[in-house]
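In our numbering, the protein residues as written are 1020 to 1121. No residue lacks a Cβ here, since even glycine has one placed at the ideal position from N, Cα and C. Because the structure is a prediction, the values reported are computed rather than measured.
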């Protein structure tokens, strides 16, 4: 039997108010209430998870600590057909947006 396909995952946090990457944001990758991986955004606001991600519904939890949002949780689905998923966050003190990046 062939094992399920694995997908690589990265994220990027951009601070819209400051006009630069958000450095040092703790990020957790979760599935079914378990933490699969965690890390901190680098000097370019990026974080790449070392391990592949199996198919299913996952969550990225960003500890952003803005005046309004202590954290942001983004749920997304991995189908196993994607070679790589990139989940960027554009952050401001009272709003955020995300999309499926490339």
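Spatially closest choice to residue 1074 from 1034, 1102, 1117, by CA coordinates:
Nearest neighbour of residue 1074 by Cα position, chosen from 1034, 1102, 1117, turns out to be 1102.
Alpha carbons only, please: which of 1051, 1085, 1068, 1043 is nearest the one belonging to residue 1105?
Taking only the C-alpha atoms, the option nearest residue 1105 is 1068.
Taking all protein chains shown into account, decide if residue 1081 is buried (16 or more other Cβ within 10 angstroms of its Cβ) or exposed.
With 16 or more other Cβ atoms within 10 Å, it is buried.
Using the rule of at least 16 other Cβ atoms within 10 Å of the residue's Cβ for burial, across every protein chain shown, is residue 1020 buried or exposed?
Any reading at residue 1020 needs caution, since the residue's pLDDT is 46, under 50, leaving its predicted position unreliable; the model's value is listed next. Burial check for residue 1020: the Cβ neighbour count within 10 Å stays below 16, so the residue is exposed.
Identified DSSP bridge partners for residue 1125
Residue 1125 is absent from the model: the chain starts at 1020 and stops at 1121.
Minimum C-alpha distance to residue 1079 - residue among 1098, 1035, 1056, 1062
Closest by alpha carbon: 1056.
Which whole runs of the beta strand (DSSP E) in the segment 1052-1101 are 3 residues long or more, in chain order?
As for any beta strand (DSSP E) of minimum length 3 sitting wholly inside the segment 1052-1101, the runs are 1053-1059, 1065-1072, 1075-1081, 1091-1097, ordered along the chain.
Which residue comes first and which comes last in the beta strand (DSSP E) that contains residue 1036?
Following the DSSP letters along the chain, one finds residue 1036 in no beta strand (DSSP E), marked with neither H nor E.
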